Structure formats: structure tokens, C-alpha cells
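Residue numbers (the working numbering): 8 to 427.
Don't be surprised by glycine CBs; every beta carbon is placed ideally from N, CA and C.
Computed from a predicted model, the values in this text were never measured in an experiment.
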Amino acid sequence: GETLQKAIHSRKKPRRAKLPPVFLNFCEACEQSFISKKLSCKRRIRPWVEKNLTQAALREGQAFVASTNHECRACAPEDCEGKFHYPLRFDEGQPLVLHAKTHDLTSIPKNNRIPKEFLGKTDTYFKFWTQDRPPVFFTYNPSIIQIPNNTDLDIPGATYISTYRVSPWHNCGFETYNFQTKLWNLMGLAILDKDLDIIEGFDVVVNINEQTQMLELSKKFEDFRLFYFNNKIWLLDGSLIVPIQITRNQKGKLNTMKGRLPVLFGTGLTVSFLEPVRHLSKISPGNDYNIFPSKNGEIQLETKPRNPHTVSELDFTGSIYGRKDNGLTKSSYISYDSYISYETFLRRPYLLGKEQGGACCIKLERNNYRQLTSSQAILKHDYLLMGISHRRTFRKVRNEDRSEGEEKFVYLSRLYAFAP
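Below, the structure is given as C-alpha cells:
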């Protein structure tokens, strides 16, 4: 947050941020208060928000303007509440993280990794890199599901399955070096315990795209997600979908499961495709799509998280999987930001990419969201479904001290919810 703020406010000719009105939607008495004919109390409060996008800064601005201008007494924070959601940054408004782990796939050999002592010094590490050296693989874009009851892995303590994109290609702020002669997109897969730790000996890296190459599919698996429905575990990447099976390898026994994927690293697991890879019919190509069940048990595919929120009802009963006829639903309204975010300031100096799904969906029970809205149209639902979307800046943001180093793109996250 500080890096973005300094980068934005250090520009030679800073532009005035254009805050949508919903961000400064005060109580009625404050809205109608003026210091002079052309100067409203609301306008006097605005600069406090522009300097620091926090709830505390806004309340401080309200208090200061109310105490120094008797015309603005109605704007005092203790008297001007009720109709207004105080602006929050994501780092203030995000859910409390109860438990988190960073994973290291130990099945990937050390000579295929950047040594930890060179993290942040990649230019030095790759300075004398040559084509005959082993490729360096990066692990990112994880996905996780709880192990279904009908999956018998026979691994003590096994609770979750997680997947990862494993590739020499990356977007970590430094160059993808020319040791990468072709774009490899591999899949890492691991079995986790209840504490989200990888169970030793049960992580592998497989060539997920061997069968897509054999089928000559134009799209390959890149940013795949795990989902469980119709009593199967599925991999989804945009419109590309396939059910998979995961089995534990037994010592001294060859796993001859049909459709198994070649294992590059690791020995503890076998991953197999249960069916040929398919493109979902009537679904536009894309990535970061999410699958969730509707209230009546139908399988829904979320292809766009907002403006408009777009969902398709899927049919898996025939040989062709895809969207049902008349199964496309788009929200009929435009969703405006409820809180101030860095996007407001990034929109001009740093162009933003399209908003995409990050993870979806978990239930948000009515008791947990009733304090956020007074809308009866929303409160009539027993629960909402909540997800996290993301978008990326097109321009790089310099290091905080503007010194030599690696510039980085910025990824912005948004919490959102919708009626099922």
C-alpha cells in the first residue's frame, strides 16, 4: 500500500483523483452544509481522503472540518453515521486470516529452482545462464479442495488436494530468461493435512498437456482449478474441462491406470484423466472461471465476476458438455465500488486489466451479512455466495525508494458477493 501511495503522489504533476460519489455519500445534513455558496463541507473533507485512503483518515477529516467550521458541525463523525459506509482499504477490510501456509514442492529438484539466497537477486543469479542448464520452474496459482468422501487415497492424515501451475514462464517482475525454449505448463499436485501442510512424499509434477497435444486442441491447460461435483474431481481452465482421478502409488507395483499423466518429478501419486479433455460448448474462451452449485443443485459456471456478473448453467448429461439452451444469466445492474480502493488512483496513471475471477464460491449466511445492507431484496436470501476477483495494472510500479531494482506489476483484489 505504501509503495503505491508514494508512486502515485510522487508524480511531477499529480492529477486530482476522480472519486465516485458513492465514496463520499455523507448523511443528509452534512450533504446540505456549505461554508460558502461555492464551497461545501463535503468538498473540504475530500482532501483528507485523497491523502490517505483509510477509514481513520476520513473520520479525522470529518472531525477537523466540523470543529473548525461551525457550518459543518453536522458532518462530525459521531453525528453523521447510518447512511454511510466508511471507506476501507482491502488491508483494513479483508477477512481475518486464521491460517495460511506457503508451499514448497520438494519433488522439484534443487537444480530446477532459484536458491533461496538469490530470491530478490535474480539478475545476479541468471547473469551467466546458458541454454544447457536445467530450466528453472516457478510454482504459483494454487487451487484447493477438500478430499471427497468417495476418494480412497489411503494416506494417513490426508485432508485436502491442492494443485499448482508449474512453469518457467512467470510474471514476477524480472525477465523470463532464454533458457525457456518453449512454454511449459506443468501441473503440481500435493496432498495436504488438516493444517494445510504437504504430507511428505505426496507431491508430484505431471505433464498435464500431453493429452491435449495428442488431441491437437488449440488451447492448453495453464491456470487450472480444482472442483468437485457429480461425484468426480474436475480440472477446469476456462472452457477446457476434464475429470481426474488421483491414486497412491504402492511400492513395487506399477500403476497401469488408463489415461495416467507422465510424472516428471515425485513418485508418491498417479494422476489420470478419466475422460478425454473437452471444450465446454457455448462457453467463450477465457480463464479464471469458477464452478458452483445453484440452490436447486444445478451446476453453474461463473465467467465474469462483475459488470455484468455472468453465470451459465451447465449440462453434463450427454456426450457434449456445455451451457444449456437459455442457460445464460447476466446481472441487470452495474456494481459500483462500496469502498475507496487503490483502483481509484491507479485508473489514470496505471491502466487496469479486466477483472477476473480469483476464487469462488463460499456461502455467506444471512446472519453474517445482514449488518452490511438494508436492502430487502438482498436480505430475503438465506445466504449469498462470496468470491475474490482480481485485476492487474498494465504499467509497473517502481520500488518504494525509486532505487535500482526490479519493478513490479500490481495485482488488486476485490471481495464480492451475489445472490445464488
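TODO: Could you tell me the boundaries of the alpha helix (DSSP H) in which TYR376 lies?
DONE: Here the question's residue 376 lines up with position 369 in the sequence shown. Unbroken alpha helix (DSSP H) run through TYR376: 373-376.
Task: CA-to-CA distance, PRO250 to THR324, given in whole angstroms - done: Locating residue 324 in the sequence shown gives position 317, counting from the first residue. Locating residue 250 in the sequence shown gives position 243, counting from the first residue. The alpha-carbon atoms of THR324 and PRO250 are separated by roughly 14 Å.
Task: Cβ contact (3+ pairs, closer than 8 Å) linking the stretch 168-177 and the stretch 225-243 - done: yes
Task: Contact set for HIS286: own chain, Cβ-Cβ below 7 Å, skip 5 residues either direction - done: Against the sequence shown, residue 286 aligns to sequence position 279. Excluding positions up to five away in sequence, the list reads SER246, LEU247.
TODO: Determine the direct distance from the alpha carbon of ILE206 to that of ALA73, and round the result to whole angstroms.
DONE: Stepping through the sequence shown from its first residue, residue 73 is reached at position 66. Stepping through the sequence shown from its first residue, residue 206 is reached at position 199. Straight-line Cα distance between these residues: approximately 58 Å.
- [ ] Determine the DSSP secondary structure at ILE251, reduced to helix, strand or coil.
- [x] Here residue 251 refers to the residue found at position 244 of the sequence shown. DSSP places ILE251 in strand when its eight states are reduced to three.
Open item on the list: For a test of the three-state rule: what should DSSP assign to THR166, helix, strand or coil?
Closed with: Looking up residue 166 in the sequence shown gives position 159. Of the three classes helix, strand and coil, the one that applies to THR166 here is coil, per DSSP.
Open item on the list: Classify GLN378: buried if its beta carbon has 16 or more other beta carbons within 10 angstroms, exposed otherwise.
Closed with: On the sequence shown, position 371 is the one that residue 378 refers to. Exposed, by the Cβ-count rule.
Open item on the list: My assumption, with CB atoms under 8 Å, is that SER319 sits in contact with LEU308. Please give the rounded CB distance.
Closed with: The count along the sequence shown starts at 1 and reaches residue 319 at position 312. The count along the sequence shown starts at 1 and reaches residue 308 at position 301. Indeed they touch by this definition, with Cβ atoms about 5 Å apart.
TODO: Might you give, ordered along the chain, the residues of its own chain that have their beta carbon closer than 8 Å to the beta carbon of PRO149, omitting 5 neighbours on each side?
DONE: The sequence position of residue 149 within the sequence shown is 142, counting from 1. Cβ within range, chain order: HIS110, SER169, THR170, TYR171.
- [ ] Give every residue of the same chain whose Cβ lies closer than 7 Å to the Cβ of SER338, excluding the five residues on either side of it in the sequence, and list them in chain order.
- [x] Residue 338 sits at position 331 when you count from the first residue of the sequence shown. So the list reads PRO315, HIS316, once near-sequence residues are dropped.
Open item on the list: Distance check for GLY275 and GLN257, CA to CA, integer angstroms please.
Closed with: Position 250 of the sequence shown, counted from the first residue, corresponds to residue 257. Position 268 of the sequence shown, counted from the first residue, corresponds to residue 275. Answer to the nearest angstrom: the Cα atoms are 8 Å apart.
Task: Residue closest to ASN157, alpha-carbon to alpha-carbon, out of VAL211, PRO292, GLN252, ASP210 - done: Here residue 157 is taken as the residue at index 150 of the sequence shown, counted from 1. Nearest option by C-alpha distance: GLN252.
- [ ] Go ahead and pull the three-state DSSP assignment for PRO54.
- [x] What you label residue 54 is simply residue 47 of the sequence shown in a count that begins at 1. Helix.
Open item on the list: Does the contact criterion of 3 or more C-beta pairs under 8 Å hold for the stretch 416-425 versus the stretch 387-401?
Closed with: yes
Task: Contact check, LEU321 vs GLY329, beta carbons under 8 Å - done: Taking the sequence shown and counting its residues from 1, one reaches residue 321 at position 314. Taking the sequence shown and counting its residues from 1, one reaches residue 329 at position 322. Contact: yes.
- [ ] Using the Cα positions of GLY266 and ILE240, report the straight-line distance between them to the nearest angstrom.
- [x] In the sequence shown, counting from the first residue as 1, residue 266 sits at position 259. In the sequence shown, counting from the first residue as 1, residue 240 sits at position 233. Computed Cα separation, rounded: 15 Å.
Open item on the list: Less than 8 Å between C-beta atoms, sequence neighbours within five positions excluded: which residues of the same chain meet that for ILE327?
Closed with: Within the sequence shown, residue 327 is the residue found at index 320, counting from 1. Taken in chain order, the residues that qualify are ARG285, SER288.
Open item on the list: Tell me the DSSP secondary structure of GLN39 in three-state form.
Closed with: On the sequence shown, residue 39 is found 32 positions in, with the first residue counted as 1. Coil at GLN39, not helix or strand.
Open item on the list: When you compare the CB positions of CYS37 and LYS49, do they come within less than 8 Å of one another, or not?
Closed with: Numbered from 1 along the sequence shown, position 30 holds the residue referred to as residue 37. Numbered from 1 along the sequence shown, position 42 holds the residue referred to as residue 49. Contact: yes.
Open item on the list: Which of the three DSSP states is assigned to PHE125 in this structure?
Closed with: Here residue 125 is taken as the residue at index 118 of the sequence shown, counted from 1. PHE125 falls in the helix class under three-state DSSP.
Task: Simplified DSSP assignment, three categories, for ILE206 - done: Within the sequence shown, residue 206 is the residue found at index 199, counting from 1. Strand at ILE206.
Open item on the list: So, at 7 Å on beta carbons, what are the nonlocal neighbours of PHE5 in its own chain, with the 5 sequence-adjacent residues on each side left out?
Closed with: A question about residue 5 goes unanswered here, because the residues of the chain that appear run from 8 up to 427.
- [ ] State whether the stretch 132-139 contacts the stretch 196-210, with contact taken as three or more CB pairs (one from each stretch) at a distance under 8 Å.
- [x] no
Task: Sub-8 Å separation of LEU112 and THR146 beta-carbons - done: Position 105 of the sequence shown, counted from the start, is the residue given in the question as residue 112. Position 139 of the sequence shown, counted from the start, is the residue given in the question as residue 146. Cβ atoms of LEU112 and THR146: closer than 8 Å.
- [ ] Report the partner residues of SER279 according to the DSSP bridge assignment.
- [x] Reading the sequence shown from its first residue, position 272 is the one you call residue 279. Per DSSP, GLN252, ARG267.
Open item on the list: Suppose contacts are defined by Cβ-Cβ distances below 8 Å. Is VAL173 in contact with GLY273 by that definition?
Closed with: Within the sequence shown, the letter at position 166 stands for residue 173. Within the sequence shown, the letter at position 266 stands for residue 273. It is not a contact, given that the beta carbons lie outside the stated cut-off.
Open item on the list: Assuming the contact rule is C-beta atoms closer than 8 Å, LEU243 and TYR296 should be a hit. Round their C-beta distance to whole Å, please.
Closed with: Here residue 243 corresponds to residue number 236 of the sequence shown, with the count starting at 1. Here residue 296 corresponds to residue number 289 of the sequence shown, with the count starting at 1. With 8 Å as the limit, LEU243 and TYR296 qualify as a contact, their Cβ atoms being about 6 Å apart.
Open item on the list: Among GLU85, HIS77, GLN363, ILE385, whose alpha-carbon lies nearest the alpha-carbon of LEU65?
Closed with: Residue mapping note: residue 65 aligns to position 58 of the sequence shown, counting from 1. When each option's Cα is compared against that of LEU65, the closest is GLU85.
Task: 6 Å CB neighbourhood of SER381 in its chain, flanking five on each side removed - done: Stepping through the sequence shown from its first residue, residue 381 is reached at position 374. Same-chain partners within the cutoff: there are none.
Open item on the list: With H, G and I counted as helix, E and B as strand and the rest as coil, what does DSSP make of GLN419?
Closed with: Taking the sequence shown and counting its residues from 1, the one referred to as residue 419 is at position 412. It should be pointed out that residue 419 corresponds to Leu in this sequence rather than to Gln. LEU419: strand per DSSP, three-state reduction.
Open item on the list: Tell me which residue opens and which closes the alpha helix (DSSP H) that ILE385 is part of.
Closed with: Within the sequence shown, the letter at position 378 stands for residue 385. Looking at the DSSP string, the run of the alpha helix (DSSP H) that includes ILE385 is 383-386.
Task: Candidates PRO141, HIS77, ASN374, THR310, of which the one nearest PRO116 by Cα - done: Working through the sequence shown from its first residue, we reach residue 116 at position 109. Closest by alpha carbon: PRO141.
Task: Inter-residue Cα distance where the pair is ALA83 and LYS44 - done: For this step, residue 83 is matched to residue 76 along the sequence shown. For this step, residue 44 is matched to residue 37 along the sequence shown. Their Cα atoms are separated by approximately 21 Å.
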